[in-house]
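Quick mapping for you: the protein sequence lines, in order, are chains P and L. Numbering-wise (the working numbering), the first sequence opens with residue 202 and increments by one. Numbering-wise (the working numbering), the second sequence opens with residue 385 and increments by one. The beta carbon of each residue, even a glycine, is placed where N, CA and C say it ideally should be. On a predicted model such as this, the values are computed, not experimentally measured, just so you know.
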Amino acid sequence: MTGMGIVTSLGAGKADNWKRLTAGESGIKTVTRFPIDSLKTTMAGAVDFVTVDPFSSTSLSQRLAEIATEEALAQAGIGSKGDFPGPMFLAVAPIETEWPQRLEVARAVPKTDFNIIDYLATCSEGGRFTHFHRRFTFGSVALNLAETFGTKGSPISLSTACASGATAIQLGVEAIRRGETDAALCVATDGSVNPEAMVRFSLLSALSTQNDPPQAASKPFSKNRDGFVMAEGAGALVLESYDAAIARGARILGVVAGCGELTDSFHRTRSAPDGKPAIGCVRKTLADAGMEPHQIDHINAHGTSTPENDKMEYLATSAVFGEHTAKIPVSSNKSMVGHTISAAGAVEAIFSLLTLEHQRIPPTINYEVPDPAIPFDVVGNKARDAKVTAVMSNSFGFGGQNASLILTREPA
Amino acid sequence: MAEKEVWITGIGLLSSLGEGLDAHWEALADKRVNADDKRLAPYVIHPIGPVSFDAQIPKKGDQRQMETWQRIGTYAAGLALDSAGVKGNQEILSRMDMIIAAGGGERDLTVDMAIMNADAQGKLPPALLNEKLMNELRPTLFLAQLSNLLAGNIAIVHGVCGTSRTFMGEEAAGIDAARIAVARIGAGQSDIALVGAAHNGDRGDLLMLYAFGDFALKNQHSSIWSRRNNPGFAIGSAGAFLVMESREHAEARGAKPFAKLTKVVADLARRKEPGAVTKSLQAMWPKLGVGDDAILITGATGAEPATSEERAFLEQRPGLVVRAPGTTFGHTMEAQFPLGLALAALSISRGKLYPGNDPAGFEVEKPGAPTQIVVMGVGHWQGEGMALVEAAK
Chain P
202 MTGMGIVTSL GAGKADNWKR LTAGESGIKT VTRFPIDSLK TTMAGAVDFV TVDPFSSTSL
262 SQRLAEIATE EALAQAGIGS KGDFPGPMFL AVAPIETEWP QRLEVARAVP KTDFNIIDYL
322 ATCSEGGRFT HFHRRFTFGS VALNLAETFG TKGSPISLST ACASGATAIQ LGVEAIRRGE
382 TDAALCVATD GSVNPEAMVR FSLLSALSTQ NDPPQAASKP FSKNRDGFVM AEGAGALVLE
442 SYDAAIARGA RILGVVAGCG ELTDSFHRTR SAPDGKPAIG CVRKTLADAG MEPHQIDHIN
502 AHGTSTPEND KMEYLATSAV FGEHTAKIPV SSNKSMVGHT ISAAGAVEAI FSLLTLEHQR
562 IPPTINYEVP DPAIPFDVVG NKARDAKVTA VMSNSFGFGG QNASLILTRE PA
Chain L
385 MAEKEVWITG IGLLSSLGEG LDAHWEALAD KRVNADDKRL APYVIHPIGP VSFDAQIPKK
445 GDQRQMETWQ RIGTYAAGLA LDSAGVKGNQ EILSRMDMII AAGGGERDLT VDMAIMNADA
505 QGKLPPALLN EKLMNELRPT LFLAQLSNLL AGNIAIVHGV CGTSRTFMGE EAAGIDAARI
565 AVARIGAGQS DIALVGAAHN GDRGDLLMLY AFGDFALKNQ HSSIWSRRNN PGFAIGSAGA
625 FLVMESREHA EARGAKPFAK LTKVVADLAR RKEPGAVTKS LQAMWPKLGV GDDAILITGA
685 TGAEPATSEE RAFLEQRPGL VVRAPGTTFG HTMEAQFPLG LALAALSISR GKLYPGNDPA
745 GFEVEKPGAP TQIVVMGVGH WQGEGMALVE AAK
């Protein structure tokens, strides 16, 4: 990894994010982007300091991805402006026409009592809404990013739910290992804080409803945790083959030592109670890296703050790491930035790299009432200086999507 | 290290023509088309053929958790696993990789229309949108909509549990799903993979996106090659899945190939420049290493200007024998490229190319057993790709 860029509710850029993350600050706030009437959950880690006009979650996702990618490319110093020498793998939320745009068309229908056929006629009338097609095709964000940054070949947009960011990195790693390319741009973005997305997660009872104060809602590994907090952000990483990076004299920020993935077929939203798929995922990742459990000295947890995820994550981790589990400091960035969903895997990989660089583990804030059923060595409330040579970053998501990465410092 | 040979050992098809390989082969031979110009008139669609989902999705509870696009996909995936002889084989399924190309699932159009009408009538103050959504959306509908939940359902119903990746991005997602699967198997990163996509064309909510760009075919169904004066695609319905595996893996378990998948290439033409699609196809063509008298199955949509640019490429090679499944199946978006691969592999395994279905005469007949078929995909708005399917020796 030779370049990284990040945007979260804490700010834009590595410097700002790291400073606020290690200070234990929260980016979670009461939502102001739209009315919150009738919502059970009224807070989120929205990125309000980046604006797009007209607003859509898709446009915001694209803008966040651009900001993160610009930072990553500047750091990597690879290629030239608008000419990245490799493919792009983009983790992005599924796209559809959003409510403001739906309603804009509805207001243009020449009747006040209309059916879908009347509505469709207005959709295609005289090219008036052609730009909505350009905006809301699933491939639109990747198309625009590929044109802006000049990535090569067919850009891949992907969704593996909460594991998407990790999957984007994994696809990049695989392409480099196959020798198809010396470099890959792996980007993950999510700008999904909109009414319908919040309602959907809320109806699945996945979100925390501890709205007041908002910054205390996300409390991974705490006994009184009650759900995750939706958040926005983006992470971009420049991956290069080690040899190519060395040859061009690039500064190596860290190495993807291993990645692994294993699907859970138990349930659409719940994990197998025995944790077997997550256990298998972690084992596959260790095997891919050729490492033993005792060589991992920090876990950047998925730690969503949902009752079930955190419990299952402990179960899976302790099954693999055994007695070593208690010796591994564990932390969840989501306590501060919230759950950036499609972006989380990349955002947390970047925080893991910063942890390796600074030899300092960011805290899990709001850790006031530890859950006795999760006896992790949680880095609670205050950042901790530690010797960290290898970090495992986990992503476990809806639809049984499990992916893990092991990131290390540059080999001596 | 030499790349491993990739075999197609399983095919699962469910479409507007029905289900299964024999039904499709007969329908193609009869030049049957199942198009509907009434249901969503003036739009022409190809609804899914009659199917009892129980045969591949035995639990009603599972079916209830899905919308039609997921049922179509999960069903076709099951057919592919059956066809490859791996259905229920836990040892193989637990390490089988999966790459799905997916869009999004059905919305609750009743709820949407009620909200939009309320708004048009001035009865939807901004704050009321939340209330309506909170009260009226079915809680599990989200899971029926999420792109990656087709893969999730296939894992739950059929137990495909190695890796699971969902690609999005309309037609290109289907091309890249095949491309990445072949690359991984070829390089030894995977032994066996399930690759495919599903699309339900019987959806007013889905038509919206294509109506914005005026891409949806209206009024009358016609051959893809006769749509210049009335361009557009008729949205199709299909689940098209393939089991791909390394030759070694297939031989070790005694599996027979339909065909081998030699190469998949993809591109993203910068379409702001006229002619960019034609140029992209010209640039990809030599990578396949086939002659200009090859058989080519194209996912041509009928949408402009993409189809004219594609036709310009084809007309530079008048010896090509062309088939456009879009005439018969409609445009099945993410599934169009996997569908083309399935039809190519099926034709090779049956020792015959199915007849053309084009009154304009662009699709000519070619007797004899095909040994090579090119599959091409040109997205209606972005993304191009090609694959070479060959007889496995």
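*Got a sec: which bits of the stretch 519-542 of chain L sit with their beta carbon under 7 Å from any beta carbon on chain P, in order along the chain?*
L521, P523, F526, L527, L530, S531, N532, L533, A535, G536, A539, I540
*Between which two residues does the alpha helix (DSSP H) harbouring H332(P) extend?*
Walking along the first sequence from the start, residue 332(P) turns up at place 131. Start and end: 331-337.
_Quick check on this structure: which residue in T203(P), F235(P), Q263(P), L344(P) has the alpha carbon closest to the alpha carbon of L274(P)?_
Here residue 274(P) refers to the residue found at position 73 of the first sequence. The shortest Cα separation from L274(P) among T203(P), F235(P), Q263(P), L344(P) belongs to T203(P).
*Helix, strand or coil at R549(L) according to DSSP, with G and I counted as helix*: In the second sequence, counting from the first residue as 1, residue 549(L) sits at position 165. If DSSP states are grouped into helix, strand and coil, R549(L) belongs with the strands.
*Does the Cβ of G327(P) have 16 or more other Cβ atoms within 10 Å, making it buried, or fewer, making it exposed?*
Reading the first sequence from its first residue, position 126 is the one you call residue 327(P). Classification for G327(P): exposed.
*Could you tell me if T242(P) is buried or exposed, where buried requires 16 or more neighbouring beta carbons within 10 angstroms of its beta carbon?*
The sequence position of residue 242(P) within the first sequence is 41, counting from 1. Buried, because 16 or more other Cβ atoms sit within 10 Å of the Cβ of T242(P).
*Are H583(L) and A719(L) touching if we call contact CB-CB under 8 Å?*
As a working note, residue 583(L) is residue 199 in the second sequence. As a working note, residue 719(L) is residue 335 in the second sequence. In this structure, A719(L) lies closer than 8 Å to H583(L) by Cβ.
*Which runs of the alpha helix (DSSP H) spanning at least 4 residues fall entirely within the stretch 226-308 of chain P, listed in chain order?*
258-277
*With respect to the beta strand (DSSP E) encompassing S399(L), which residues constitute its N-terminal and C-terminal limits?*
If you number the second sequence from 1, residue 399(L) lands on position 15. Taken as a continuous stretch (DSSP letters only), the beta strand (DSSP E) holding S399(L) covers 390-399.
*Using a Cβ-Cβ cut-off of 8 Å, state whether W765(L) counts as contacting chain P.*
Here residue 765(L) refers to the residue found at position 381 of the second sequence. Yes, its Cβ sits closer than 8 Å to a Cβ of chain P.
*Using three-state DSSP, classify H499(P) as helix, strand or coil.*
Position 298 of the first sequence holds residue 499(P). Residue state, collapsed to three classes: strand.
*In the stretch 586-599 of chain L, which residues sit with their C-beta less than 9 Å from some C-beta in chain P, listed in chain order?*
G588, D589, L591, M592, L593, Y594, A595, F596, G597, D598, F599
_With a threshold of 6 Å on Cβ separation, who are the neighbours of I500(P) within its own chain once the five nearest residues in sequence on each side are excluded?_
As a position in the first sequence, residue 500(P) is number 299, starting the count at 1. Within the same chain, I500(P) has close Cβ partners I529, V531, M593.
*Got a sec: is the Cβ-Cβ distance from G504(P) to anything in chain L below 8 Å?*
By 1-based counting over the first sequence, the position of residue 504(P) is 303. No, G504(P) does not count as interfacial toward chain L.
*Between K583(P) and K420(P), what straight-line distance do the alpha-carbon atoms span, to the nearest angstrom?*
Taking the first sequence and counting its residues from 1, the one referred to as residue 583(P) is at position 382. Taking the first sequence and counting its residues from 1, the one referred to as residue 420(P) is at position 219. Taking the straight line from one Cα to the other gives about 14 Å.
*Using three-state DSSP, classify I608(L) as helix, strand or coil.*
Taking the first residue of the second sequence as position 1, residue 608(L) is located at position 224. It is helical.
*Span separating the alpha-carbon of A417(P) from that of S403(P)*: The count along the first sequence starts at 1 and reaches residue 417(P) at position 216. The count along the first sequence starts at 1 and reaches residue 403(P) at position 202. Cα-Cα distance, rounded: 18 Å.
*Give the straight-line distance between the Cα atoms of E555(L) and G539(P), rounded to the nearest whole angstrom.*
On the second sequence, position 171 is the one that residue 555(L) refers to. On the first sequence, position 338 is the one that residue 539(P) refers to. So the alpha carbons of these two residues sit roughly 33 Å apart.
*Taking all protein chains shown into account, decide if Q766(L) is buried (16 or more other Cβ within 10 angstroms of its Cβ) or exposed.*
Counting from 1 along the second sequence, the entry for residue 766(L) is found at position 382. With 16 or more other Cβ atoms within 10 Å, it is buried.
*asked:* If I measure Cβ to Cβ from I576(L) and keep anything under 6 Å in the same chain, skipping five residues before and after, which residues do I get?
replied: On the second sequence, position 192 is the one that residue 576(L) refers to. Closer than 6 Å at Cβ, skipping near neighbours: M480, E629, H633.
*Starting from the C-beta of I447(P), find all residues in its chain whose C-beta is less than 6 Å away, skip the five residues before and the five after it, and write them out in chain order.*
Residue numbering aside, residue 447(P) sits at position 246 when the first sequence is read from its first letter. Correct list: empty, nothing qualifies.
*Got a sec: is the Cβ-Cβ distance from S618(P) to anything in chain L below 8 Å?*
Coverage of chain P is limited to positions 202 through 613, which leaves residue 618(P) absent and any answer about it impossible.
_Own chain partners of T507(P) with C-beta closer than 6 Å, once the 5 adjacent residues on each side are dropped_ = Against the first sequence, residue 507(P) aligns to sequence position 306. Excluding sequence neighbours, T507(P) sits near G428, F429.
*If you count every other CB in all the chains shown that lies within 10 Å of the CB of E297(P), and 16 or more means buried, which is it?*
The count along the first sequence starts at 1 and reaches residue 297(P) at position 96. E297(P) is buried by the Cβ-count criterion.
*Report, in whole angstroms, the separation of the C-beta atoms of L601(L) and F617(L), which I expect to be a contact under 8 Å.*
For the purposes of this step, residue 601(L) is taken as residue 217 along the second sequence, with counting starting at 1. For the purposes of this step, residue 617(L) is taken as residue 233 along the second sequence, with counting starting at 1. The pair is a contact, with the Cβ atoms about 6 Å apart (cut-off 8 Å).
_Do L222(P) and V248(P) have their beta-carbon atoms positioned less than 8 Å apart in this structure?_
In the first sequence, the residue the question calls residue 248(P) occupies position 47. In the first sequence, the residue the question calls residue 222(P) occupies position 21. Against a cut-off of 8 Å, the Cβ pair of L222(P) and V248(P) comes out as no contact.
_Interface partners of S360(P) on chain L, CB under 7 Å_ = As a working note, residue 360(P) is residue 159 in the first sequence. Simply S531, N532, T550, M552.
_Here's a check: name, in chain order, each residue in its chain whose Cβ is nearer than 6 Å to the Cβ of G600(P), leaving out the five neighbours to either side._
The sequence position of residue 600(P) within the first sequence is 399, counting from 1. Here the set comprises A362.
*Taking C-beta to C-beta, are N595(P) and A502(P) nearer than 8 Å?*
Here residue 595(P) is taken as the residue at index 394 of the first sequence, counted from 1. Here residue 502(P) is taken as the residue at index 301 of the first sequence, counted from 1. For N595(P) and A502(P), yes; Cβs fall inside 8 Å.
*For a contact meaning CB atoms closer than 9 Å, what does Q505(L) contact in chain P?*
The residue given as residue 505(L) occupies position 121 in the second sequence. The contacting residues are T313, D314.
_Sub-8 Å separation of Q602(P) and N532(L) beta-carbons_ = To locate residue 602(P), count along the first sequence from 1; it is residue 401. To locate residue 532(L), count along the second sequence from 1; it is residue 148. Contact flag set, yes.
*asked:* Taking only three categories from DSSP, how would you classify M668(L)?
replied: Taking the second sequence and counting its residues from 1, the one referred to as residue 668(L) is at position 284. M668(L) falls in the helix class under three-state DSSP.
_DSSP-derived helix/strand/coil call for Y443(P)_ = Taking the first residue of the first sequence as 1, we reach residue 443(P) at position 242. DSSP places Y443(P) in helix when its eight states are reduced to three.
_Whole-angstrom distance between M760(L) and K640(L), CA atom to CA atom_ = For the purposes of this step, residue 640(L) is taken as residue 256 along the second sequence, with counting starting at 1. For the purposes of this step, residue 760(L) is taken as residue 376 along the second sequence, with counting starting at 1. If you take the alpha carbons of K640(L) and M760(L), they lie about 25 Å apart.
_Assess contact between the stretch 481-491 of chain L and the stretch 558-573 of chain L, defined as three or more Cβ pairs (one per stretch) separated by less than 8 Å. Is contact present?_
yes
*A294(P) to S360(P) span [Cα, whole Å]*: Taking the first sequence and counting its residues from 1, one reaches residue 294(P) at position 93. Taking the first sequence and counting its residues from 1, one reaches residue 360(P) at position 159. Approximately 6 Å between the Cα atoms of the pair.
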